[in-house]
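Right, one structure below, let's go through it.
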């Protein structure tokens, strides 16, 4: 390794490559374009017949430099970037980022109650949505095609709920620093209540389809076992750890956003195989439904933005037939009535505001485990550093521990049970 | 142990412990990093047994230039601590903690890839996100956003953000 003024340089011929250990084994690339690798994950597998001897994950194919990009945008624009990382749990990224900036600003106690309940409700709906995609794709990969159709069918209902309120199905940028960008759409609570009622029966349906299904059991039970000690040393969090009896959940251990007021359990299993991970995720969907139900019950009235015109997002947005737009009253107010309101609008939208210098680390419980945001400010109008501890990135390190020594066909079940989202891994 | 008791307890070990926004930050010398982390992990009252994150920040105008941060968490007591190691621009090298926390493997590779900080004793220090033959370390502040060639049309270059007409 040589060092230049741009830092150490890796010389290509010094890089390690996977070399077969004997003439009996061979190296096979699985991915990056493989239907079962959940995006663009590449596994270099050394095979001895049908048995995996060595597994080396290769990542980075979806690296888009989001952490770097946030350093060139103002604080509010950061939300639109981070929501694009883990595309199956966008609200969690928005939540952790907004919470971090709110803590830097010292306004975390001034976020309206209504905004917090909606945040929690949307996060839990996202958790169900994410687990549904996991269930559907895992089913598809293991040959259970009907569950794939059912999973995506219910996911569509959740996306409809999001679309009714935010106008978008993904990449919402709905959580903003200081609250939300706009209130719930008219009739959104009815949509959600209907969904909760329907979803309970649907989860029973999935269980009837899979839990006692001999093929499903054959493909998942005892497959992908990793000891709890290994998982702990590899820093694994989320359903993967909870399926091994490690009852860690940021929502319980370090409650944020009022989670301590909700009544819910942290489901665990002890078998630590693919079947246990399936059971944990199914149980988590039920718990999330419980939380959503409680959110609907306690949803208070009032504003959804902080009461500080220098910090809150200006405008009175709502979703119309042609997308998101400002209300005519607000446009009239800034264009015809108040010069100060117009100046404030442009100042906040174009320049943003300065955030006091400091650093915070904010963990939240995403569908895949501990999602942490380490945000550093130098006192300027842009983030100095936004570092994301993505759970998929850390959890993916367990794949070699799962598949080495197992059959190559089980590799598919193992990757699926980790539930990596490459958008989050590569960022 | 509540936050205050933890801070008092840690003050014995780190006299310069900073408490800000409910978070504890301690600065350690790179030579003491591994032993400190091991002591923090083995102490029953502290039990920092989970390394959440390894990351870094780059301050080109300051000395030390790089700060590597380790976010420790106790799964048993549910408390957190941030350890920071300052590194000079000339010698950005820090001992690897993969021996204590195997989870740091990829995270240290990522810091190496994006900041060019080397981790002494890491078993397999290679780039992880950027292509293997990439030049430079993108998250350094002196590495411009943009300013790279395009893959299939070599004569087209994306200008850095600061050189575009609308930044």
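Protein chains in written order, with the numbering used here: chain A, 865 to 1291; chain B, 7 to 173.
Idealized CB from N, CA, C, for every residue including glycine.
Spatial neighbours of residue 1136 (chain A) in its own chain (CB-CB distance under 8 Å, excluding positions within 5 residues in sequence) are listed in chain order as 1089, 1090, 1091, 1092, 1095, 1107, 1108, 1109. Residue 1192 (chain A): not part of any beta strand (DSSP E); member of the alpha helix (DSSP H) spanning 1192 to 1196, first to last residue.
Listed in chain order, the beta strand (DSSP E) runs fully inside the region 910 to 961 of chain A are 915 to 922, counting runs of at least 3 residues. In the pairwise beta carbon analysis, the region 1080 to 1089 of chain A is classified as not touching the region 1162 to 1178 of chain A: fewer than three pairs are separated by under 8 Å. Within its own chain, the residues whose Cβ lies closer than 6 Å to the Cβ of residue 52 (chain B), once the five positions on either side in sequence are excluded, are 46, listed in chain order. With a cut-off of 8 Å on Cβ pairs, the region 1026 to 1037 of chain A is in contact with the region 941 to 959 of chain A, counting three or more such pairs. Rounded to whole angstroms, the gap between the alpha carbons of residue 1248 (chain A) and residue 935 (chain A) is 6 Å.
Residues of the region 916 to 950 of chain A that bring their beta carbon within less than 8 Å of a beta carbon in chain B comprise 923, 924, 927, 929, 931, 932, 933, 935, 936, in sequence order.
Where residue 1088 (chain A) is concerned, there is no enclosing alpha helix (DSSP H), because DSSP gives it neither an H nor an E. In this structure residue 153 (chain B) is in contact with residue 166 (chain B), their Cβ atoms being roughly 4 Å apart against a cut-off of 8 Å. In the DSSP assignment, residue 1010 (chain A) is bridged to no other residue. For residue 56 (chain B), the secondary structure class from DSSP, reduced to helix, strand or coil, is strand. Residues of the region 1108 to 1139 of chain A whose Cβ lies closer than 7 Å to any Cβ of chain B, in chain order: 1112, 1117, 1118. Judged by DSSP secondary structure, residue 115 (chain B) falls within the alpha helix (DSSP H) whose first and last residues are 110 to 121. Residue contact with chain A for residue 169 (chain B): absent (no Cβ-Cβ distance below 8 Å to any residue of chain A). Taking a C-beta cut-off of 7 Å against chain A, the contacting residues of the region 12 to 29 of chain B are 26, 27, 29, listed in chain order. In the DSSP annotation of this structure, the continuous segment of the alpha helix (DSSP H) that includes residue 1103 (chain A) starts and ends at 1103 to 1106. If you check each beta-carbon in the region 1211 to 1238 of chain A against every beta-carbon of chain B, the ones closer than 8 Å belong to 1222, 1223, 1224, 1225, 1227, 1234, 1236, 1238.
A direct Cα-to-Cα measurement between residue 27 (chain B) and residue 1197 (chain A) gives close to 38 Å. Listed along chain B, no residue sits closer than 9 Å to residue 1045 (chain A) by beta-carbon distance, the nearest being about 23 Å off. DSSP places residue 31 (chain B) outside any alpha helix (DSSP H); the residue lies instead in the beta strand (DSSP E), whose first and last residues are 29 to 33. Residue nearest to residue 16 (chain B) within the set B:112, B:42, B:37 is B:42 (criterion: CA-CA distance). Per DSSP, residue 169 (chain B) lies in no alpha helix (DSSP H) and is assigned neither H nor E. Counting other Cβ atoms within 10 Å of its Cβ, residue 1084 (chain A) reaches 16 or more and is therefore classed as buried.
Distance check between residue 1287 (chain A) and each of A:1218, A:1260, A:1278 places A:1260 closest, using alpha-carbon atoms only.
The beta-carbon separation of residue 118 (chain B) and residue 125 (chain B), rounded to 6 Å, stays under the 8 Å limit for a contact.
If you compare the alpha carbons of B:140, B:30, B:105, B:69 with that of residue 39 (chain B), the shortest gap goes to B:105.
Residue 1227 (chain A) is a Cβ neighbour of residue 1114 (chain A), given a cutoff of 8 Å. For residue 43 (chain B), no CB of chain A lies under 8 Å from its own CB, so it is not counted at the interface with that chain. Using a CB distance below 7 Å, the part of the region 1268 to 1291 of chain A facing chain B consists of 1290, ordered along the chain.
Of all C-beta pairs linking the region 959 to 973 of chain A to the region 920 to 932 of chain A, fewer than three are shorter than 8 Å, placing the two stretches out of contact.
Shown here for residue 150 (chain B): same chain residues with a beta carbon closer than 6 Å to its own, the five before and five after excluded, namely 166 in chain order. For residue 90 (chain B), the uninterrupted beta strand (DSSP E) run begins and ends at 86 to 93, by DSSP. Within chain A, the residues placing a beta-carbon under 7 Å from that of residue 88 (chain B) are 1225, ordered along the chain.
Using a CB distance below 7 Å, the part of the region 1251 to 1263 of chain A facing chain B consists of 1251, 1253, 1257, 1258, 1261, ordered along the chain. Apart from sequence neighbours up to five positions away, the residues of its chain that approach residue 1134 (chain A) with a beta-carbon distance below 6 Å are 1109, ordered along the chain.
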